[in-house]
Structure formats: structure tokens, C-alpha cells
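See below for the structure under consideration.
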Amino acid sequence: MKSHARQTGLAEPVESFRLDNGLDVVVVSDRRAPVVTHMVWYRNGSADDPAGKSGIAHFLEHLMFKGTKAWPAGEFSKIVAGYGGQENAFTSYDYTAYFQRVPKEHLRAMMDYEADRMTGLSFDESVVAPERDVVLEERRMRVDSDPAAQLGEEFSASLFFHHPYGTPIIGWEHEIERLNRDDAFAYYQRFYTPENAILVVAGDTDAAEVRRLAEETYGRIAARGAAPVRERPIEPEPRASRRVQLNDPRVQQPALRRGWLTPTYTSGKAEEVFALELVAEILGGGTTSRLYRRLCVEDEVAAGASAYFMGSMVDRAAFQLSVSPRPGVAMATLEGGLDEALAAFLAEGPTELELARARTRLVAETVFARDNQASLARIFGSALAVGETVADVLAWPQRIEAVPREAVVEAARLYLRPDRSVTGLLLPA
Amino acid sequence: MNAPLPTPKLNTAGPAIAVQTVRSPGGIEAWLVEEHSLPLIAVDFAFDGGCSRDPADAAGSAYLISGLLDEGAGDLDAEAFQGRMADHAIGLGFDARRDDFHGYLQTLSSHRDTAFELLGLALNKPRFDADAVARVKAQIVAGLQRQAQNPEALCRNALYAAAFPGHAYGRPEKGDIDSVSRLEAPALHALAPTLLDRAGLRIVVVGDIVADELAGRLDALFGGLSAGSPRPRPAAPLPLQGLGQTHVLDLDVPQTVIRFAGPGLMWDDPDFIPASVLNHILGGSAFTSRLFMEVREKRGLAYGVSSSLLPLRESAMLVGGTATRNDRAAESMKVIREEMAKLATEGPTEHEVEEAKRYIIGSYPLRFDTSPKIAGELLNLALRGDTPDFLATRNQRFAAVTLADVKRVAGRLFGQPDLLVEAVGRPVGLA
Numbered sequence: 001m002k003s004h005a006r007q008t009g010l011a012e013p014v015e016s017f018r019l020d021n022g023l024d025v026v027v028v029s030d031r032r033a034p035v036v037t038h039m040v041w042y043r044n045g046s047a048d049d050p051a052g053k054s055g056i057a058h059f060l061e062h063l064m065f066k067g068t069k070a071w072p073a074g075e076f077s078k079i080v081a082g083y084g085g086q087e088n089a090f091t092s093y094d095y096t097a098y099f100q101r102v103p104k105e106h107l108r109a110m111m112d113y114e115a116d117r118m119t120g121l122s123f124d125e126s127v128v129a130p131e132r133d134v135v136l137e138e139r140r141m142r143v144d145s146d147p148a149a150q151l152g153e154e155f156s157a158s159l160f161f162h163h164p165y166g167t168p169i170i171g172w173e174h175e176i177e178r179l180n181r182d183d184a185f186a187y188y189q190r191f192y193t194p195e196n197a198i199l200v201v202a203g204d205t206d207a208a209e210v211r212r213l214a215e216e217t218y219g220r221i222a223a224r225g226a227a228p229v230r231e232r233p234i235e236p237e238p239r240a241s242r243r244v245q246l247n248d249p250r251v252q253q254p255a256l257r258r259g260w261l262t263p264t265y266t267s268g269k270a271e272e273v274f275a276l277e278l279v280a281e282i283l284g285g286g287t288t289s290r291l292y293r294r295l296c297v298e299d300e301v302a303a304g305a306s307a308y309f310m311g312s313m314v315d316r317a318a319f320q321l322s323v324s325p326r327p328g329v330a331m332a333t334l335e336g337g338l339d340e341a342l343a344a345f346l347a348e349g350p351t352e353l354e355l356a357r358a359r360t361r362l363v364a365e366t367v368f369a370r371d372n373q374a375s376l377a378r379i380f381g382s383a384l385a386v387g388e389t390v391a392d393v394l395a396w397p398q399r400i401e402a403v404p405r406e407a408v409v410e411a412a413r414l415y416l417r418p419d420r421s422v423t424g425l426l427l428p429a
Numbered sequence: 430m431n432a433p434l435p436t437p438k439l440n441t442a443g444p445a446i447a448v449q450t451v452r453s454p455g456g457i458e459a460w461l462v463e464e465h466s467l468p469l470i471a472v473d474f475a476f477d478g479g480c481s482r483d484p485a486d487a488a489g490s491a492y493l494i495s496g497l498l499d500e501g502a503g504d505l506d507a508e509a510f511q512g513r514m515a516d517h518a519i520g521l522g523f524d525a526r527r528d529d530f531h532g533y534l535q536t537l538s539s540h541r542d543t544a545f546e547l548l549g550l551a552l553n554k555p556r557f558d559a560d561a562v563a564r565v566k567a568q569i570v571a572g573l574q575r576q577a578q579n580p581e582a583l584c585r586n587a588l589y590a591a592a593f594p595g596h597a598y599g600r601p602e603k604g605d606i607d608s609v610s611r612l613e614a615p616a617l618h619a620l621a622p623t624l625l626d627r628a629g630l631r632i633v634v635v636g637d638i639v640a641d642e643l644a645g646r647l648d649a650l651f652g653g654l655s656a657g658s659p660r661p662r663p664a665a666p667l668p669l670q671g672l673g674q675t676h677v678l679d680l681d682v683p684q685t686v687i688r689f690a691g692p693g694l695m696w697d698d699p700d701f702i703p704a705s706v707l708n709h710i711l712g713g714s715a716f717t718s719r720l721f722m723e724v725r726e727k728r729g730l731a732y733g734v735s736s737s738l739l740p741l742r743e744s745a746m747l748v749g750g751t752a753t754r755n756d757r758a759a760e761s762m763k764v765i766r767e768e769m770a771k772l773a774t775e776g777p778t779e780h781e782v783e784e785a786k787r788y789i790i791g792s793y794p795l796r797f798d799t800s801p802k803i804a805g806e807l808l809n810l811a812l813r814g815d816t817p818d819f820l821a822t823r824n825q826r827f828a829a830v831t832l833a834d835v836k837r838v839a840g841r842l843f844g845q846p847d848l849l850v851e852a853v854g855r856p857v858g859l860a
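So the protein sequences, as listed, match chains A and B.
Heads up: the first sequence at position 40 corresponds to 40 in the working numbering, and the numbers run straight through without jumps.
Heads up: the second sequence at position 68 corresponds to 497 in the working numbering, and the numbers run straight through without jumps.
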């Protein structure tokens, strides 16, 4: 199971502050290796794409590498490479982030550049068409060559039938094909502002140094006055179970996934979300989990069983279970076993052992995460980008430890109901 | 808005990592990096051999064993064993690779007694219970079925099969559905001791443990394994077959996955270091390589394109690949071939060589910023026969590379232009 690993009790404190122009800054000091991870997060993602322009957040992320007035296309990549640095970017539903990992003495240069790129993007029409082709190839690679990914798109579109979380981050092919330079710049000018950004620096530095460098670089960007507002439709409470089925001759190993909408950490129902983290770990966290034991070990009907839950979203989260049949086992048999195992869990709740094990594993993940400055930078950046705070991240293990058994049972019963679920089936033709 | 950034002086110092060599009373040797600022211990180790020791008619044996060592050992059945791992948040796992059988342990230092006990049981007393064997086989077969129509997996397997027919490298590491289905516990019990012998064992430990304690624990983990005998290293690399050929596997997908291979260099070849510089210029990981610029940036032919040197124990390849629209697959491959030919005839520029050296030297510390990464880097050094001294001299060796060195290697590797090309999809005009 993938979970949002958090950290606690760092040897040095995590410090955060805000520049006069509204830019939020988080500094995580880790002095063990002479390197830093420098990230800028923008509080906009694919769910903020204008209607009919799906994929623009991601396309702009690509175009952000096409140069500024100060550093024409490719110039900064050459500089980063000359320092031995790594750079990249990624787009999600709620945020877009850019990062470089470099030897610590080059932190200032990264900040100079990223500050310049926040407002100075500059490229002409000639780079747009080839880069759009690159994105279309990316989509062909990730989606069109993989039936499971195609089912995933249809599954999300069924889970979120109104909210843009139901639209692929990369966009629909026919809309990507029509994205142009004007779309990209309109989007850029709306969202790429200091008030909408979060700077995260992790590694061999400290808050005093980062503050000084940030004021000299990002601090020179004029404030816009207010952060842009995310304007998104609200997903209604589902009233029906739904099934999506994809049959494809390429499928030789069938699979089933089931999902439910849930609240998020910032929804005012955080207690339920902490409880759902434990539900996910108990049901599908590794080979000792309820579903793995029942379906893979005892009934011998499944090859794999797992759970996925990510409560750090802006509007709504999704709780998902995935199972795949052992070779020769009919999908109906596997689904029957899943239904029974889930019903039994909802009726009885977890055992004390299951609950204790889940707490131990989730809390330990946060200790392991402390070993990795790049992971820490991602944890803090993504949390702040969806509206959580540094204090929320630091308190996460204690909050997990404190969830009572009844809360786990209640959250599971409230959200994991058959009559509000989506089931996705991947089957041979 | 910004003045040009100054070019920094090349700092060729190696990573400041103190590697101790620890020897147990029974003679087991491990490299240790003590790091007490976090309560964690990472252990990385590998046995020489791995999938290449699979019997020819039992491909996938080592991979199956790698999935079974934590499925019950000693008095603990799978449920009891994995329950103890979960209760103590212990990460323990194995992986069979082409040339070695790799294992790792990650634990909070407060749980190290249990963690080392479980590792010792897994290595010395695996059970291979019938239900566990059936379960893990089903998982591997399910995985193989999932990959059966996956263009990337098909292309990769096709490349190895064509390059190394009749050799262990030509067989898929996980076996195939037939071979895996035939594997049973008695054969696994017979094979495991030869996979896990001490002859080529290398061990690296990083984290919150002191040398004396580690020395005292190594014998219980590894001392009971059979001694084995070292495998000689071949004098010359096994030549690649199929050079000059292009094979297309038809699959109804809109994009063609391409992988290509040409001769590479063994790790101990004196030209390996300049060859690494050459590869970085051709298709290395920065957003500046020739393939990245020509295939992606200028022409929009692909999302990803890259190349890498792949030194194996008995052979060596330069491999690369991309994924590109069916109707432009031929154009992509033509561009790739032209860049390789240009490097062979004209060589790179002095500036490209200097920038590549800067990248390779400057990026080295990024490989040492977490305990598992430090352990993994050191284990790779140990497996290819280097000592920890390499850390201190590595960057100087790259700094000493000249344009003439890289031109010489380019001629050596790309001068004879025949590549083995495998493509999966519906490419137009490729073969």
C-alpha cells in the first residue's frame, strides 16, 4: 500500500516563513551530505485546467523548460548539468512542482533561475508544436499502450463524474492536440505568482541562509495582491454503485479495482481521514493485511491484493482496493471473495493485532522518510500545496497513534459502502 | 535580470564517507558506514551468480527463490515470519538479478535483534512450504501474464534473447509461464545453497550500528552458508549476436517501442571511464544529451530517449531506447544512428567533453544522500571488484579524461555501425 509517509522529531527543526510578496518558504535541514533539494510548488494542477483545455497545466509544465528572456531555451539545463545537478518537474491534480538537486554551493543559482522563471517565461511559436508532439507521445506511452491505464482513466471519470479529478492529468488526446501558446500563457499569468507558490529547500543549509537567498531572488518578484482562486465544481455525494468494464485482447491477467469517495485532511473531517489511513493499511498494507491474508493466502483466489489511499487532496479523496485473480480463478469468484471479506471487516472491525500493526507500520514509515531529503521536500511541499500546514505534517504520527478503534470502524462503515462504490474490471476480449 | 553564472572550478574530492572494513571471528567481511544521527540501519548484500545460475531448463528459479525466502523460515511459517516483520516495521527482501542475488534489510535500530534474526533464518533455513510456493508462483505467473502484451517488457526480453542466444543472459530473469509452472520445492531446496554461497558474497551496512557489534552478528547471518568456489571472470566479453539486424514484433499499439544494443565495455576495461563520458554526451540522463536534443527537443519524436553503458559480468553492451509514433519510428531510429555515426567520425567537441565531465563529477554526491543509496553505491563497487578507495579517486579519473580519449572510444564503440534493434508495435518502414 502506498501511503503518504510523514515525518516526525527531526534532529533539526523544520522552519517556515513567508516573504513580503506572499511566497511561502519551508526549510528542512539535513547536514549529512553536501547537497540540497530545491523545489518550487504552485498551488494549481490539472483540476484547475479551464473547461475544454484539459492538459494545459501539464503542457505548461513542459513549456516551462523553453526558456526565459535571461536564459533562452536549454541554457539553464546546461548550467544545471554543468553543476552535476538533476532537474525535473511534475504535475498532479492539485499542484505543479519544479525541482533541482545540486551540490549545496549552487543553491543560489537555482533560486535565481526559478525566481526568473516564475514571471519571465519567454518562447515563440516554433517550440510549441514539437513539445505538444512530445506530450502526445507521453500520453501514447503511458495510456494508449496500456489497457490497465485506459481502464484507470474510465474508472476515475466514473468516481468523479462532475469534479475535474475525473479528467486525466495529462489531458484527453483531442484537447491536447488543440492546446496552443495563448492557452499556456493565459494559464501561466493566472497561476505563476509568488502568492501562489511554495519554496521548499531541504538538505545542507539552514533557515537563515535560505531566508537571505530567498529575499535576494524570489523577494524581488512583485506581489500580485492576492493568490489566485481555485474555481472548481463540487462533486455530489454518489447515490449509485457503478461498474466500468474494459475488455481488450491484450489483457492476459485480469484485475479488479474498487473505489469510494472520501473526505480530505482539510475538509473539516480530518479525524475520519486519519481513521481511513488505518483502514487502508489494515485492509491492504502488505502481506499481513486482511485482504491479502484472506484472498491470497487462505482462499487462494487472488495473486495480489492491496489498498491505496491519499487523503492529501484539496477537494475530495479516493479510497481504492485492487485485486487480481490467481491464474485460472474466475473473476466472479474473486469478486465474491472480496465482497465477503469486506463485509466481514465492516461488521467486525479490525482485531487489536491488526490495528496495532497498522499503527506501527505507518509511524515507522515516517521515521524511514527522515533519511531522504528529497522525500521530505515532497512531503512538505505537497502538504502545503493542498492547504495543510507544517504543524499538520509534524503531528501526523501522533494523530495516527491516537485514532481509537471505534473511529476506524465508523469511518469504514460510513464510506466503504457498496451503494456508493465504483468497480472497475479489466478483462480479456 | 541576471549576470551570467560563473563556471565553478572542478572539485574532484570524493564523498566524505568513512568506510570501515569489518571482519567477523569466522572471517566474514563487510563494509560499514556508521551513521548515528538517525535510528536506522540499512544492510545491502549480494551473492555472485543470480539468474545466470538458473538451470537451462528451469529459467526463473532464482527469481522464485528470491520471492520465497521471506515466506517462512525455521520454525516460522509465512504468516508468523511476515507477522514479525510487520510488527517491527522491518523491511526485508530479495531480488534475483542477471549476475547476482541481491538482498536488503532496513530496520529501526531498536528492532535490530529481531531484524537480524529474521534475516539469518531467511538465508539459512528457508522452508519453501507447498502453499507458499504455490502462492508465489501464482504471483509470478500473474506478473508474466500482465507483461505478456506490454511493449516495454516484450522489447527488453527480445533484445536479450537476440543478443545472447543459448546463454543465460538470453533467458528472461523471471522465467516464462511454462518454466515457472514446473518449479517445485525439492529443486528449490537443492538450488538455494548454490545461489547463496559465500564465494562471491559482498556485504555493506550503513547506519546506527558500531563495528564491534556488526562483527559479532555477521557469522550468525552468513557463516553457516556453503563456501562455494569463486567463478572466474572471463578474459574477454562474450560477443553480442544479431548485430546489424532489426527485428519487429507486431503489436496493435499506436506507438513503437525501440531498444537497440551495440558492443559496450567491461567495467575493468581501461576505456570504461572515457566511455562513460561518451555515453553521457550521446544519451545520458541530463536534458542536454544529443539524443534528447535531436529526438525530443528538435523533432518532438518521443517523450523519452536515452542510452546507457551496461557492463555485465560476462559481456558488455551499450543499450538505448525510445518510444515513438508508429509512422515516425523509422525517422527516430535514423536520427539515433546518425548521432552515433557523427560521434564516431567527428567525435564530440571539447566543450561537450568538459561539460560531461562536470556533470559526472558534480553529480556524484547526489548518489550518497540517503543510507540505502550509500549502501547501494558501495555494494555496486564491491560487486565489480573495487575497493572503497575508489570513492576518493573516481572523480580524478574522470577529470583526467581528454577529448582524444573520448574520440578514441567513440571510434571503438560506434566506428562499426551495426546495431541490434528490436521494435515492438506497428512501425512504418523500420525493418
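Even for Gly, the Cβ is constructed at its ideal location relative to N, Cα and C.
Given the structure is predicted, the values throughout are model-derived calculations rather than measurements.
Asked	Found
Output needed in chain order: residues of the region 804-817 of chain B with a Cβ under 8 angstroms from some Cβ in chain A.	none
At a CB distance below 7 angstroms, what residues from the region 360-382 of chain A approach chain B? Give them in sequence order.	T360, R361, A364, V367, F368, R370, D371, N372, Q373
Does the Cβ-Cβ distance between A/G55 and A/I170 come in under 8 angstroms?	yes
Mapping the DSSP letters down to three states, classify A/H62 as helix, strand or coil.	helix
If B/P444 and B/F797 are in contact, beta carbons under 8 angstroms, what's the gap, nearest whole angstrom?	5 angstroms
From the DSSP output, read off the bridge partner residues of A/W260.	A/F319
Checking contacts by CB at 8 angstroms: is A/M1 closer than that to chain B?	Because A/M1 sits at a pLDDT of 29, beneath the cut-off of 50, its placement in the model cannot be relied upon, and the following sentence gives the value as read from the coordinates. Chain B, which has no Cβ nearer than 8 angstroms to the Cβ of A/M1, makes this no.
Tell me whether the region 27-37 of chain A and the region 136-154 of chain A touch, counting them as touching only if at least three CB pairs, one residue from each stretch, are closer than 8 angstroms.	no
Which residues in chain A sit within 9 angstroms of B/K727, going by Cβ to Cβ distance?	P130
At a cut of 8 angstroms, does the region 288-297 of chain A reach the region 393-412 of chain A through at least three beta carbon pairs?	no
Would DSSP call B/T543 helix, strand or coil?	helix
The beta strand (DSSP E) that contains A/H38, what's its start and end?	35-42
Our contact map puts B/A559 next to B/A614 with C-beta atoms below 8 angstroms; I'd like the distance itself, whole angstroms only.	6 angstroms
Going by DSSP, what residues sit across from B/E532 in a beta bridge?	Rather than Glu, the amino acid found at residue 532 of chain B in this sequence is Gly. Looking at the DSSP assignment, B/G532 forms a beta bridge with B/F474, B/F523.
Would you tell me roughly how many angstroms separate the C-alpha atoms of A/P236 and A/S267, rounded to the nearest one?	15 angstroms
Using beta carbons (cut-off 8 angstroms, strictly below), is A/T287 in contact with chain B?	yes
In whole angstroms, what is the alpha-carbon distance linking B/L612 and B/D626?	21 angstroms
Alpha carbon to alpha carbon, how far is A/F17 from A/T96?	21 angstroms
Just list the alpha helix (DSSP H) runs in the region 158-208 of chain A, keeping only unbroken ones of 4 residues or longer that don't cross its boundaries, in chain order.	173-176, 181-191
According to a CB-to-CB cut-off of less than 8 angstroms, which residues of the region 297-316 of chain A neighbour chain B?	V297, E300, A303, G304
Looking only at its chain, what residues have a beta carbon closer than 8 angstroms to the beta carbon of B/D529, apart from the 5 residues adjacent to it on each side?	A475, F476, D477, G478, G479, G629, L812
Excluding sequence positions up to five away, which residues of its chain have a Cβ less than 6 angstroms from the Cβ of B/A644?	V451, S453
Which of helix, strand or coil does DSSP assign to B/F593?	coil
Taking 8 angstroms as the CB-CB limit, is B/G512 close to chain A?	yes
Measure the Cβ-Cβ separation of B/V764 and B/V724 and say whether it is below 8 angstroms.	yes
Taking a contact to mean a Cβ-Cβ separation below 8 angstroms, would you say A/D392 touches A/A383 in this structure?	yes
Chain E beta carbons: is any one of them nearer than 8 angstroms to that of A/R420?	In the structure shown, chain E cannot be found, because the protein chains are A and B.
If you compare alpha carbons, which of A/F274, A/G120, A/G84 is closest to A/L63?	A/G120
Measure from the alpha carbon of A/P50 to the alpha carbon of each residue in A/R417, A/E175, A/A207, then state which is nearest.	A/E175
Anything in chain B within Cβ reach of A/A81, meaning under 8 angstroms, just list it in chain order.	A715, F716, T717, E784, R787, Y788
With B/Q574 as the anchor, note down where its beta strand (DSSP E) starts and where it stops.	Premise fails: B/Q574 lies in the alpha helix (DSSP H), 559-576, not in any beta strand (DSSP E).
Name, in chain order, the residues that DSSP records as bridge partners for A/Q373.	Per DSSP, none; premise fails for A/Q373.
Mind pulling the chain B residues with CB within less than 9 angstroms of A/E87?	A715, F716
Compare the Cα-Cα distances from B/P661 to each of B/G501, B/R742, B/E602 and report the closest residue.	B/R742
Is the beta carbon of A/P228 less than 8 angstroms from the beta carbon of A/R190?	yes
Flag B/G791 as yes if its beta-carbon sits less than 8 angstroms from any beta-carbon of chain A, otherwise no.	yes
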